[in-house]
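Residue numbers (UniProt numbering): 9 to 287.
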Amino acid sequence: RKKITIQSLVRLYEKGEPISVLTAHDFPSASVAEAGGMDIVLVGDSLAMVALGMEDTNEVLVEEMLLHCRSVSRAVESAFTIGDLPMGSYEVSPQQAMQTAIRFVKEGRMNGVKLEGGEEMAPIIKRITDAGIPVMAHIGLTPQRQNALGGFRVQGKTTAGALQLLRDALAVQEAGASLIIIEAVPAEVAALVTSKLRVPTIGIGSGNGCSGQVLVQIDMMGNFPPGRFLPKFVKTYANVWNEALQGVERYRDEVKSRAYPSSEYTYPMSEEVIEELRR
Ligand code: KIV
Ligand code: NA
């Protein structure tokens, strides 16, 4: 595959071909996203929860994100890579945001950055994009603001909410955002917003009228113990947890019964030497 650039993403958008986006948080998860032909691999701060076991995304540090970004970048050859700026690393000022974005490119080896927020983030998005770092904006449900939003709730459901979403989308587009994530918004609203824009929208829980889709890899792979809460929009395309669990259980049984390691998994030694050692 050829390297995917902002320009090739724009060509997909202009052709009306949906842009495929998947999160990854380390070398193996990025390898499978790349091998599976994703257009964009996103190192989302959701890794705080799904890979690090943190309570929410607000706990993850820039340094921690950078370690994961670097490992993902080593596995990705063609996909466009985007790193999620964690809460607290960009909201203070355009200068702070710029400094963090530069670290994501230099240290994290990302092609672009993502940040949450609409209208109010326009000066920050402008600063980063003016410096030549592509920005993916993220509007609608913004998990970093869950304490103000009152949890993970559907956004843009009222007339006022939908109009605000449109204002946010237009503002981040004007500020220079190359792509806009729309999270947890009714399909009709996301499709309407998409139709008013000249940059691609990437939906998550926002219907199929967006210019592309994104899911959290651990979720869509079914790579979590049974009984975990899943948002309505998550479709599981595999059952990695079951497969992995069966593997661990078979290994456990074979260790306990000494069936593993059988001779084929053991280094051979000459009979002669063994005889000598026994003497
Ligand atoms: O952190 C994340 O994985 C995200 C995507 C779900 C958009 O922000
Ligand atoms: Na995120």
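For glycine and all other residues, C-beta sits at the position ideal for the given N, C-alpha and C. All figures in this text were calculated on a predicted structure; none of them were measured in a lab.
- Between residue 70 and residue 97, the CB-CB gap stays under 7 Å.
- Here the stretch 41-53 makes no contact with the stretch 237-249; the two share fewer than three CB pairs at distances below 8 Å.
- Here residue 28 carries a strand assignment [DSSP, helix/strand/coil].
- Rounded to the nearest whole angstrom, the CA to CA distance from residue 164 to residue 123 is 19 Å.
- For the beta strand (DSSP E) assignment, the uninterrupted runs of no fewer than 3 residues enclosed by the stretch 93-170 are, from N- to C-terminal side, 120-124 and 143-148.
- When the Cα atoms are used, residue 261 and residue 235 turn out to be separated by approximately 25 Å.
- For residue 63, the three-state secondary structure derived from DSSP is coil.
- In this structure, DSSP gives residue 238 a state outside helix and strand, which the three-state scheme calls coil.
- With a cutoff of 7 Å on beta-carbon distance, residue 187 and residue 144 are scored as near each other.
- As the crow flies, the alpha-carbon of residue 278 is around 45 Å from that of residue 78.
- Secondary-structure assignment with DSSP links residue 223 through a beta bridge to 30.
- When DSSP reads this structure, residue 202 sits in no beta bridge, so it has no partner.
- Nearest in C-alpha terms to residue 205, of all of 63, 85, 109 and 180, is 180.
- Excluding sequence positions up to five before and after residue 28, its CB lies within less than 8 Å of the CB of 45, 46, 47, 48, 220 and 221, all in the same chain and listed in chain order.
- Between residue 157 and residue 191 the beta-carbon gap is near 11 Å, outside 8 Å, which marks them as no contact.
- Taking 7 Å as the cut-off, the beta carbon of residue 81 is found no closer than this to the beta carbon of residue 9.
- The secondary-structure analysis by DSSP pairs residue 191 across a beta bridge with 148 and 212.
- The Cβ neighbour count for residue 31, taken over all protein chains shown within 10 Å, is at least 16; the residue is labelled buried.
- Relative to ligand 2, residue 52 has its C-beta within less than 6 Å of a heavy atom.
- Beta-bridge pairing by DSSP links residue 89 to 49.
- A straight-line Cα-Cα distance of about 34 Å links residue 172 and residue 117.
- For residue 47, the CB stays at least 6 Å from every heavy atom of ligand 2.
- When the five nearest sequence neighbours on each side are left out, the beta carbons in the same chain lying within less than 7 Å of the beta carbon of residue 214 are those of 148, 190, 191, 192, 193, 195 and 198, in order along the chain.
- Non-local C-beta neighbours of residue 242 in its own chain, meaning closer than 7 Å and more than five positions away in sequence, comprise 223, 227 and 228, ordered along the chain.
- Residue 36 carries a helical assignment under DSSP once its states are collapsed to helix, strand and coil.
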